[in-house]
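Beneath this line is the structure, given in structure tokens, with notes to follow.
There are 2 protein chains.
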Amino acid sequence: MARKTKADALATRAAILDAAEAVIEREGIPATTLNQIGREAGVTRGAIYWHFKDKEDLLDAMVARAAFPLDDLRAADARAETTDALDELRQFGEQALIRLAEDPHYRRVCRILLHGCVRLGRHHLFIAEEEAVKSNIHDALVRLFQKARDQGTLDPAINPELAAWSFGSYMRGLYSDWLLAPDRIDLAQSASAILGTYLNGVRARDDGNDAAR
Amino acid sequence: MARKTKADALATRAAILDAAEAVIEREGIPATTLNQIGREAGVTRGAIYWHFKDKEDLLDAMVARAAFPLDDLRAADARAETTDALDELRQFGEQALIRLAEDPHYRRVCRILLHGCVRLGRHHLFIAEEEAVKSNIHDALVRLFQKARDQGTLDPAINPELAAWSFGSYMRGLYSDWLLAPDRIDLAQSASAILGTYLNGVRARDDGNDAAR
DNA sequence: CTTTACATACCGGCGTGTATGTATATTTTC
DNA sequence: GAAAATATACATACACGCCGGTATGTAAAG
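Protein sequence lines correspond, in order, to chains A and B.
Okay, so the first sequence: first residue is 1 according to the UniProt record's numbering, each after it adds one.
Okay, so the second sequence: first residue is 1 according to the UniProt record's numbering, each after it adds one.
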């Protein structure tokens, strides 16, 4: 072939990124070759090198396309000014798990970031990006747990900072574990129960004498 | 050099395995070359190919050296015949986290298995092994939660099977998350609180009328 | 003298990056 | 508005290095 129209070129670029996702999901980043990506996308390495500086640049663009539900979390935090913070947290967590179960694109990117050898070797470019996202998530979680404490729904024995870390790890573990064996559990259906058991543990126990307030 | 004594040879073998751990921890499995391992171990690839059939064989031997605390979990399950199952679970979890924080060897292997691209590409050999361990862990957890249910300490609304899965994911998330940023939290010190918040959520609430039994 | 425990040398393959070819879209010129 | 010039969007070909595997050398242990 030869030169395509501008729209065609953009489609090619997107196809390359899609192919990269698919191949990397199977093989992991270090084992993925530009040949495989090209074959999957139906182009040669020439096309890849035209659209991207090098392999690193391609990976960077691929990760950049992934949108994490950070906005949802922030929205939940904002709503929690007037609503039950722990309830917002449960709803957010449920939504995240359901999205993982039902959005194949999101699932692929999560698999790559969790099991794709992202932070080994010298892939410093997007680990900085992901680190920032993680840090933002943690901050939002801390704020939510602080609101819960102020609302009196958080068990006073629990440190909001630690709770945020623990909750984040719980979600990461659920993501990671489920992605290894997606068929073992109907995640969308169990999401509510899974989140519930955890949040039960951090919620203050109203031992009768709390109804007065 | 030339031929060493039998003990020397064993030491060389161990050095190669140690080096493999160290390099793979940094680079991940697919990006690790036998040259790097040899350099790290102070030998050439010749030595590696003498002790191991090929790369896969070396990796297999490396993973085989790692002992997972499956026995501890089974012991906890056995003790739970006469003790509080949820308490056994908490103690086991704490021990596991503390070991992760304090045993560098265990830490390395966990990092490799969690972030080393183990199950991508064609490393079928030891994913079978790890799959079996995981399955055993899950079974032991289910038994423990069932005991807790029988003992009346488990919230009756919670399904033991789901709880086992959820608890396993929680631990995996804690491992995975902490290994990414070990300095952010003093794991050994927080272990108790971290486990406590979770197990609080699954424990039956004795709303007064449970003291009779 | 044979076996062991490696080191060294060699080979085929593959992957990255780059240089070059080329047909077409787009722009420029008249 | 058609032809010429040029930039675009790739495909093809090439150079280079490195990696895994194997074949061979070799000095000391047994």
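Ideal placement from N, C-alpha and C gives every residue a C-beta, glycine not left out.
Exercise for the section: Establish whether the CB of B/Ala31 and some CB of chain A are separated by less than 7 Å. Expected result: Here residue 31 of chain B corresponds to residue number 31 of the second sequence, with the count starting at 1. Yes, B/Ala31 lies at the interface with chain A (some Cβ there is under 7 Å from its Cβ).
Problem - Helix, strand or coil at A/Gly208 according to DSSP, with G and I counted as helix - result: Against the first sequence, residue 208 of chain A aligns to sequence position 208. Confidence at A/Gly208 is low in this model, with a pLDDT of 43, below 50, so its placement is unreliable and no value can be given for it.
Handout entry: the region 165 to 184 of chain B touching the region 162 to 177 of chain A, judged by at least three CB pairs closer than 8 Å
Key = The way I'd put it, the region 165 to 184 of chain B does touch the region 162 to 177 of chain A; three or more beta-carbon pairs between them come closer than 8 Å.
Problem - Residues that DSSP places opposite B/Arg203 in a beta bridge - result: Residue numbering aside, residue 203 of chain B sits at position 203 when the second sequence is read from its first letter. The partner list for B/Arg203 (beta bridge, DSSP) reads B/Leu154.
Handout entry: Residue range of the alpha helix (DSSP H) that includes B/Asp77
Key = In the second sequence, residue 77 of chain B corresponds to position 77, counting from 1. First-last of the alpha helix (DSSP H) with B/Asp77: Leu70 to Arg79.
Exercise for the section: Determine, using beta carbons only, whether A/Leu113 and A/Leu187 come nearer to each other than 7 Å. Expected result: Taking the first residue of the first sequence as position 1, residue 113 of chain A is located at position 113. Taking the first residue of the first sequence as position 1, residue 187 of chain A is located at position 187. For A/Leu113 and A/Leu187, no; Cβs fall outside 7 Å.
Practice task
For A/Asn200, go through chain B and note every residue whose CB falls closer than 8 Å to its CB, in chain order.
Solution key: Translated into the one-based positions of the first sequence, residue 200 of chain A becomes position 200. Those within 8 Å of A/Asn200 in chain B are Asp155, Asn200, Gly201 and Val202.
Exercise for the section: Could you tell me which of B/Met171, B/Asp60 and B/Ala181 sits nearest to B/Thr197, measuring between CA atoms? Expected result: Here residue 197 of chain B refers to the residue found at position 197 when the second sequence is read from its first residue. Per the C-alpha coordinates, the member of B/Met171, B/Asp60 and B/Ala181 positioned closest to B/Thr197 is B/Met171.
Handout entry: Helix, strand or coil at A/Leu120 according to DSSP, with G and I counted as helix
Key = For this step, residue 120 of chain A is matched to residue 120 along the first sequence. Looking at A/Leu120 - three-state DSSP - the assignment turns out to be coil, as it is neither helix nor strand.
Practice task
Could you run through the region 76 to 106 of chain B and flag, in chain order, every residue whose CB is less than 7 Å away from some CB of chain A?
Solution key: Result list empty, no residue passes.
Problem - A/Lys134 versus A/Leu141: straight-line alpha-carbon distance, rounded - result: Position 134 of the first sequence, counted from the start, is the residue given in the question as residue 134 of chain A. Position 141 of the first sequence, counted from the start, is the residue given in the question as residue 141 of chain A. Straight-line spacing of the CA atoms in A/Lys134 and A/Leu141 works out to 10 Å.
Practice task
Classify A/Ala31 as helix, strand or coil using the three-state DSSP reduction.
Solution key: Taking the first sequence and counting its residues from 1, the one referred to as residue 31 of chain A is at position 31. The DSSP-derived three-state label of A/Ala31 is coil.
Practice task
Please state whether DSSP places B/Leu10 in a helix, a strand or coil.
Solution key: Position 10 of the second sequence, counted from the start, is the residue given in the question as residue 10 of chain B. Of the three classes helix, strand and coil, the one that applies to B/Leu10 here is helix, per DSSP.
Practice task
State the start and end residues of the unbroken alpha helix (DSSP H) segment that holds B/Gly93.
Solution key: Taking the second sequence and counting its residues from 1, the one referred to as residue 93 of chain B is at position 93. In the DSSP assignment, B/Gly93 falls within the alpha helix (DSSP H) that extends over Ala85 to Glu102.
Exercise for the section: Give, in chain order, every residue of the UniProt domain "HTH tetR-type" (10 to 70) of chain B whose Cβ lies closer than 7 Å to some Cβ of chain A. Expected result: Within the UniProt domain "HTH tetR-type" (10 to 70) of chain B, the residues whose Cβ lies closer than 7 Å to some Cβ of chain A are Arg26, Glu27, Gly28, Pro30 and Ala31, listed in chain order.
Exercise for the section: Take the Cβ of B/Asn200 as the centre, count every other Cβ of all protein chains shown within 10 Å, and call the residue buried at 16 or more, exposed below. Expected result: The count along the second sequence starts at 1 and reaches residue 200 of chain B at position 200. Around the CB of B/Asn200, 16 or more other CB atoms lie within 10 Å, so the residue is classed as buried.
Exercise for the section: Could you pull out every residue in the same chain whose Cβ sits closer than 7 Å to the Cβ of A/Glu102, ignoring the five residues on either side in sequence? Expected result: Reading the first sequence from its first residue, position 102 is the one you call residue 102 of chain A. So the qualifying residues of the chain are Ala188.
Handout entry: B/Gly196 in three-state terms, based on DSSP
Key = Residue mapping note: residue 196 of chain B aligns to position 196 of the second sequence, counting from 1. Collapsing the DSSP output to three states places B/Gly196 in a helix.
Practice task
Could you work out which residue in B/Val43, B/Thr33, B/Arg184 and B/Leu154 is closest to B/Asp87 when comparing CA atoms only?
Solution key: As a working note, residue 87 of chain B is residue 87 in the second sequence. Considering only alpha carbons, the answer is B/Leu154.
Practice task
Tell me whether A/Phe52 sits in a helix, a strand or coil according to DSSP, three-state version.
Solution key: As a first step, residue 52 of chain A is located in the first sequence; it is residue number 52 there, counting from the start. A/Phe52: coil per DSSP, three-state reduction.
Handout entry: 7 Å Cβ cutoff, A/Arg172 in contact with chain B
Key = Taking the first residue of the first sequence as position 1, residue 172 of chain A is located at position 172. Answer yes: the Cβ-Cβ gap between A/Arg172 and chain B drops below 7 Å somewhere.
Handout entry: Reference A/Leu59, options A/Asp150, A/Pro156 and A/Glu130, closest by Cα
Key = Within the first sequence, residue 59 of chain A is the residue found at index 59, counting from 1. Comparing Cα positions, the closest option is A/Glu130.
Exercise for the section: With 7 Å as the threshold, decide whether the Cβ of A/Ser192 is near any Cβ in chain B. Expected result: Here residue 192 of chain A refers to the residue found at position 192 when the first sequence is read from its first residue. With 7 Å as the cut-off, A/Ser192 does not count as an interface residue toward chain B.
Problem - Where A/Arg205 falls, given that 16 or more other Cβ within 10 Å makes a residue buried - result: Here residue 205 of chain A corresponds to residue number 205 of the first sequence, with the count starting at 1. The residue in question, A/Arg205, is exposed, as its Cβ has fewer than 16 Cβ neighbours within 10 Å.
Handout entry: Separation of B/Ile48 from B/Leu34, as counted between CA atoms
Key = Position 34 of the second sequence, counted from the first residue, corresponds to residue 34 of chain B. Position 48 of the second sequence, counted from the first residue, corresponds to residue 48 of chain B. Between the alpha carbons of B/Leu34 and B/Ile48 lies a gap of roughly 8 Å.
Practice task
Could you have a look at B/Arg108 and say whether DSSP puts it in helix, strand or coil?
Solution key: The residue given as residue 108 of chain B occupies position 108 in the second sequence. Judged by DSSP in its simplified three-state form, B/Arg108 adopts helix.
Handout entry: Near-chain B residues of the region 145 to 169 of chain A (beta-carbon distance less than 7 Å), N- to C-terminal order
Key = Correct list: Ile158, Leu162, Ala163, Trp165, Ser166, Gly168 and Ser169.
Handout entry: is_contact[B/Cys117, chain A] using C-beta, thresh 7 Å
Key = By one-based count along the second sequence, residue 117 of chain B stands at place 117. It does: the Cβ of B/Cys117 has a partner Cβ on chain A nearer than 7 Å.
Exercise for the section: Identify, in the order they occur along the chain, each residue of the same chain with its Cβ nearer than 8 Å to the Cβ of A/Leu38, setting aside the five sequence neighbours on each side. Expected result: Here the question's residue 38 of chain A lines up with position 38 in the first sequence. The residue you asked about is not Leu; residue 38 of chain A is Gly in the sequence shown. The answer, listed in chain order, is Ile16, Ala19, Thr44, Arg45, Ala47 and Ile48.
Handout entry: Cα-Cα separation between B/Glu56 and B/Leu100, rounded to whole angstroms
Key = What you label residue 56 of chain B is simply residue 56 of the second sequence in a count that begins at 1. What you label residue 100 of chain B is simply residue 100 of the second sequence in a count that begins at 1. In this structure, the straight-line span from the alpha carbon of B/Glu56 to that of B/Leu100 is close to 26 Å.
Handout entry: Whole-angstrom distance between B/Ala61 and B/Trp50, CA atom to CA atom
Key = The residue labelled residue 50 of chain B in the question sits at position 50 within the second sequence. The residue labelled residue 61 of chain B in the question sits at position 61 within the second sequence. A straight-line Cα-Cα distance of about 14 Å links B/Trp50 and B/Ala61.
Handout entry: Cβ shell of B/Arg149 (< 7 Å), same chain only, five flanking positions each side left out
Key = Residue numbering aside, residue 149 of chain B sits at position 149 when the second sequence is read from its first letter. Apart from sequence neighbours up to five positions away, the residues of its chain that approach B/Arg149 with a beta-carbon distance below 7 Å are Pro160, ordered along the chain.
Practice task
Output yes if chain A places a C-beta closer than 7 Å to the C-beta of B/Ser135; else output no.
Solution key: Here residue 135 of chain B refers to the residue found at position 135 of the second sequence. No - not a single Cβ of chain A is within 7 Å of the one on B/Ser135.
Exercise for the section: Could you tell me the boundaries of the alpha helix (DSSP H) in which B/Ala66 lies? Expected result: The residue you call residue 66 of chain B lines up with position 66 of the second sequence. Taken as a continuous stretch (DSSP letters only), B/Ala66 belongs to no alpha helix (DSSP H), as it is neither H nor E.
Practice task
Please report how far the alpha carbon of A/Val202 lies from the alpha carbon of B/Ala191, in whole angstroms.
Solution key: Position 202 of the first sequence, counted from the start, is the residue given in the question as residue 202 of chain A. Position 191 of the second sequence, counted from the start, is the residue given in the question as residue 191 of chain B. A/Val202 and B/Ala191: Cα-Cα distance of roughly 15 Å.
Practice task
Just mark B/Gly116 as buried or exposed, buried being the case when its beta carbon has 16 or more other beta carbons within 10 Å.
Solution key: Within the second sequence, the letter at position 116 stands for residue 116 of chain B. Classification of B/Gly116: buried, given that the 10 Å Cβ count is 16 or more.
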